[in-house]
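Residue numbers (my numbering): 271 to 347.
All residues carry an ideal CB built from backbone N, CA and C; glycine is no exception.
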């Protein structure tokens, strides 16, 4: 399955934070993010549960926060 290739986050664009799902910081970030389930990457909106490739990482949108879910390299998952 192919996912949108988004590259690196551009700090000049609107971006949602990237955090580790089990990280305590993630919970604090979720409390600060408005109720919408949209994630932003370089100004582009992605729906909740969307998966994108950023470099060698797969990121999943989880209620406004990007969560790393693995490698985008099929030989090194």
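With a Cβ-Cβ cutoff of 7 Å, do residue 328 and residue 342 count as a contact? Within the chain shown, residue 328 is the residue found at index 58, counting from 1. Within the chain shown, residue 342 is the residue found at index 72, counting from 1. In contact: residue 328 and residue 342 (Cβ atoms closer than 7 Å).
Residue nearest to residue 284 in terms of C-alpha spacing, selected from 274, 275 and 309: Against the chain shown, residue 284 aligns to sequence position 14. Of the candidates 274, 275 and 309, the one whose C-alpha sits nearest the C-alpha of residue 284 is 309.
Going by the beta-carbon positions, is the gap between residue 337 and residue 311 smaller than 7 Å? The residue given as residue 337 occupies position 67 in the chain shown. The residue given as residue 311 occupies position 41 in the chain shown. Contact: no.
What did DSSP end up calling residue 330 once you bin it into helix, strand or coil? Counting from one through the chain shown, the residue named residue 330 turns up at place 60. Reduced to three states, the DSSP call for residue 330 is strand.
What does the Cβ neighbour count give for residue 339, buried or exposed, with the cut at 16 atoms within 10 Å? Sequence index remark: in the chain shown, residue 339 carries index 69 (1-based). Answer is exposed; the Cβ neighbour count stays below 16.
Can you list, in chain order, the residues of its chain with a C-beta nearer than 8 Å to that of residue 314? Leave out the 5 residues immediately preceding and following it. Within the chain shown, the letter at position 44 stands for residue 314. Excluding residues within five positions, the ones whose Cβ falls inside 8 Å are 276.
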